[in-house]
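Just below is one structure, and these are the notes that go with it.
Number of protein chains: 2
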Amino acid sequence: MTQAAFFVLTALADQPRHGYGILREVEELSDGTVQLRVGTLYGVLDRLTSGGLIVLDREEVQQGRLRRYYRLTDEGVRALEAEADRLAAGAGAAKRRIAEGRRAPGAALPPATGPGLAGGLA
Amino acid sequence: MTQAAFFVLTALADQPRHGYGILREVEELSDGTVQLRVGTLYGVLDRLTSGGLIVLDREEVQQGRLRRYYRLTDEGVRALEAEADRLAAGAGAAKRRIAEGRRAPGAALPPATGPGLAGGLA
DNA sequence: ACGATATATATCGGCTTCCGATATACATAA
DNA sequence: TTATGTATATCGGAAGCCGATATATATCGT
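Going down the list, the sequences are from chains A and B.
Taking this note's numbering, the leading residue of the first sequence gets 16, the next gets one more, and so forth.
Taking this note's numbering, the leading residue of the second sequence gets 16, the next gets one more, and so forth.
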């Protein structure tokens, strides 16, 4: 699953939202660190719909502007949970390894004189 | 940062590794959930090198086979830490939102009295 | 009244990235 | 001698991302 798809699913996880709302919500929930682009959004929405992870929930006209709301399917919720677990595991692995690397200085220093490093870690 | 780049950096976080070793390590550290492809690897390695996040550590010839070891730069360590934080935050947000969505049943149910399209699951 | 900004949809084309296939080469096991 | 594993790398098609663009309405400031 792509980053963009993950954040779209996350934005939809608590309630149905329309395209523009997803855009704003992703920015907000990521504290501004992820900026989902308009040109990216509709392709993602189409792929997630085709994949059965989201469905069109309803269409509303508010103040003369069309709003097209999407929501997660049960499969979408499951996929998002699985992806969240995967990301959390990846993040945890990275953190642990950084700590290990700092304990074993060879990793962040110029190569030692001999070929025989690659010690017992990992 | 792409997924592939993140996992390459993670594989290198504890010690220098060569290309093929990165491939196996990514699969192992992710419990088989991430399969970095050979065709993807070298492009990623080039981009990370150009970006200053990794450097060529050394080259060894073991049993007639060349091994080209890469290691993280200090900047690479910092970038990996930042990305790990970002991913962990994203994963946490997703989990929290799924829980919220389950408290608010409207999100996972068919629209009330709507035009009746797209019933249950896809 | 007019222009800028915000809301809201969507498409297009270029660029980056991904990945299966392919190629080369040596070691080991069946 | 055939297959599998280790190890490098490239190529081309496909997928995905994103800036630019288009359309339309509402609001706010000047």
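Where a beta carbon is used, it is the ideal one built from N, C-alpha and C, also for glycine.
Other residues of its chain near residue i: CB distance less than 7 Å, five sequence neighbours each side excluded
i, result
"A133 (chain A)", "Because A133 (chain A) carries a pLDDT of 35, less than 50, the predicted location of this residue cannot be relied on, and no value is offered for it."
"L56 (chain A)", "G34, I37, L38"
"A28 (chain B)", "L87, L95"
"L44 (chain A)", "T25, A26"
Buried versus exposed call for residue i [16 or more other C-beta atoms within 10 Å across all chains shown]
i, result
"G116 (chain B)", "buried"
"V41 (chain A)", "buried"
"Q30 (chain A)", "buried"
"R93 (chain B)", "exposed"
"R101 (chain A)", "buried"
"G91 (chain A)", "buried"
"R118 (chain A)", "exposed"
"A97 (chain B)", "exposed"
"V53 (chain A)", "exposed"
Presumed contact (8 Å Cβ cut-off) between residue i and residue j, rounded CB distance
i, j, result
"A20 (chain A)", "V76 (chain A)", "In fact, because the Cβ distance is near 28 Å, the residues do not count as touching under 8 Å."
"T25 (chain B)", "G67 (chain A)", "Incorrect: roughly 31 Å between the Cβ atoms, too far for contact."
"A103 (chain A)", "A103 (chain B)", "6 Å"
Cβ neighbours of residue i in the same chain (closer than 8 Å, five flanking residues each side left out)
i, result
"D72 (chain A)", "P31, Y84, Y85, R86"
"V23 (chain A)", "I37, V41, L51, L56, V59, L60, L63, I69"
"T17 (chain B)", "V59"
"V49 (chain B)", "Q18, F22, V41, E42"
"E74 (chain A)", "L81, R82, R83, Y84"
Per-residue contacts from residue i into chain B (C-beta, under 7 Å)
i, result
"R101 (chain A)", "T48"
Contacts of residue i in chain B (Cβ-Cβ under 8 Å)
i, result
"L95 (chain A)", "A109, I113"
"T25 (chain A)", "G105, A108, A109, R112"
"L63 (chain A)", "The contacting residues do not exist; L63 (chain A) stays about 10 Å from chain B at best."
Cross-chain neighbours of residue i in chain A, by beta carbon under 8 Å
i, result
"G116 (chain B)", "A28, D29, Q30, L87, V92"
Partner residues on chain A for residue i, Cβ-Cβ distance less than 7 Å
i, result
"L44 (chain B)", "A108"
The region 98-113 of chain B touching the region 80-88 of chain B, judged by at least three CB pairs closer than 8 Å: No, they do not touch.
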